[in-house]
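What follows is one structure encoded as structure tokens, with my remarks underneath.
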Amino acid sequence: MPDAWWREAILLTVGYVGLKSVDTALEMVQGLAALPRHDETALAAAELAATAFMELESQNAVVKAAVVERLLALLTDPHLAAAPLLRLLGGDALGRLGDPRPGVCTPEPALCPVAAGPFLMGEGKDSVTIREPFAIARYPVTNAQFQLFVADGGYRAKWRHCWTEAGWQEKQQRGWTGPRRYRTGFDHPNQPVTGVSWYEAVAFCAWAAEATGEKVRLPTEAEWEKGARGTDGRTFPWGDAEPNEKLCNFDPNVGQTTPVGRYSPQGDSPYGCADMAGNVWDWTADWFQPYPGNSKP
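Per the working numbering, residue 1 is the first one in the sequence shown, and the count goes up by one each step.
Right under this line is the structure:
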């Protein structure tokens, strides 16, 4: 099933059948999604089912829900062994169908509470105290979430109050109207947004605060590191083990960002934050300030 030749043959077959009978083609899609296995072959079949369903351009909510449910069950199983590229294809398909995980495609982030108190920060493991408890997003901001800001006119005058003065001037001078797209493979809905400046990240947070009615801002450097590291001075979010393809986007063969939460839970931080190592760089509130930054929210 993972073989590229068979993949194309199956997609063409489903598409051909769909020209004569969409119902029959949808039955084929359901059969692929319901393959009675729970392994790499099952994930390949579920990804095929998702791709075939989208190529049929069907609006059948029942079949779509079944495919999404199957993909999600397979992709979130930490014990399922599957090649990184196959997981990437499955995650991308889930994003295009509509990733239902809380905090992925909605303006409201899924939050991980972080307690106040000291932690060990930096390579020198200096003791730094976070004075107030806070919550940090479980996932990086996704393309789907940032697109809500763009679609709501986030780059237009109606939301100018969300931008810093310097940020608005920079936007005007550079003609920004949304994230910069460098090449394909980075723009699926459930992938982390890329190609945005610090100014745009700040404006997005201010917009999200108004859109959700919650306090939303970039974390300070200290808050980000505590959320990623916990209190025990570990080297990486998951501990001290060296990065590998099961813990973070570390495999050079992937060649692009992966859907958020792809390495959960094994790659998560002690507070449950995903993708705090690998995948993308994150902006913090005080990146202009000397290390380690202000630990007070």
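Built from N, CA and C at the ideal position, the CB exists for glycine as well.
It should be emphasised that the depicted structure is a prediction, and the values quoted were computed from it without experimental measurement.
Check: Drop a sphere of 10 angstroms on the beta-carbon of Pro-118, count the other beta-carbons inside from all chains shown, and report buried for 16 or more, exposed for fewer.; Outcome: exposed
Check: Let me check understanding here. Comparing Cα to Cα, which of Glu-47, Leu-35 and Arg-217 lies closest to Trp-163?; Outcome: Arg-217
Check: In chain order, which beta strand (DSSP E) runs of at least 3 residues are fully inside the region 103–164?; Outcome: 111–114, 117–121, 126–130 and 134–137
Check: Just to confirm the assignment, what range does the alpha helix (DSSP H) spanning Met-276 have?; Outcome: Premise fails: Met-276 is in no alpha helix (DSSP H) and is neither H nor E.
Check: Grab the span of the alpha helix (DSSP H) containing Ala-83 for me, first residue to last.; Outcome: First-last for Ala-83: undefined, no H or E at that position.
Check: Our contact map puts Tyr-301 next to Gly-103 with C-beta atoms below 8 Å; I'd like the distance itself, whole angstroms only.; Outcome: Summary: the structure shown does not reach residue 301, with the chain confined to residues 1 through 297, and so no result is reported for it.
Check: Between Gly-124 and Gly-227, what straight-line distance do the alpha-carbon atoms span, to the nearest angstrom?; Outcome: 18 Å
Check: Measuring only the C-alpha atoms, how far is Ala-356 from Arg-174?; Outcome: What the structure shows of the chain is the stretch from 1 to 297, and residue 356 is not part of that stretch, so it cannot be assessed.
Check: Are Thr-257 and Pro-192 touching if we call contact CB-CB under 8 Å?; Outcome: yes
Check: By Cβ distance below 7 Å, which residues in the same chain neighbour Asp-187 in space, the five residues on each side in sequence not counted?; Outcome: Asn-143 and Arg-181
Check: Taking C-alpha atoms, which residue in Trp-6, Asn-190 and Pro-179 lies nearest to Val-150?; Outcome: Pro-179
Check: Check for me: the alpha helix (DSSP H) holding Leu-247 runs from which residue to which?; Outcome: Leu-247 -> no alpha helix (DSSP H), and no H or E assigned at all.
Check: For Cys-248, I'd like the list of residues in its chain whose CB is within less than 6 Å of its CB, leaving aside the five on either flank, ordered along the chain.; Outcome: Tyr-263, Gly-267, Ala-277 and Gly-278
Check: Assign Phe-204 to one of three DSSP states: helix, strand, or coil.; Outcome: helix
Check: Should Glu-165 go down as buried or exposed, given a rule of 16 or more other Cβ atoms within 10 Å for buried?; Outcome: exposed
Check: Going by CA-CA distance only, name the one from Ala-93, Ser-58, Gly-153 and Asn-60 that's closest to Arg-70.; Outcome: Ala-93
Check: For Gly-230, which residues in the same chain have their Cβ closer than 6 Å to its Cβ, ignoring the five residues on either side in sequence?; Outcome: Pro-270
Check: Go ahead and pull the three-state DSSP assignment for Gly-239.; Outcome: strand
Check: With C-beta atoms as the reference, is Glu-29 less than 8 Å away from Val-14?; Outcome: In the sequence on display, residue 29 carries Val and not Glu. Taking 8 Å as the Cβ cut-off, Val-29 and Val-14 qualify as a contacting pair.
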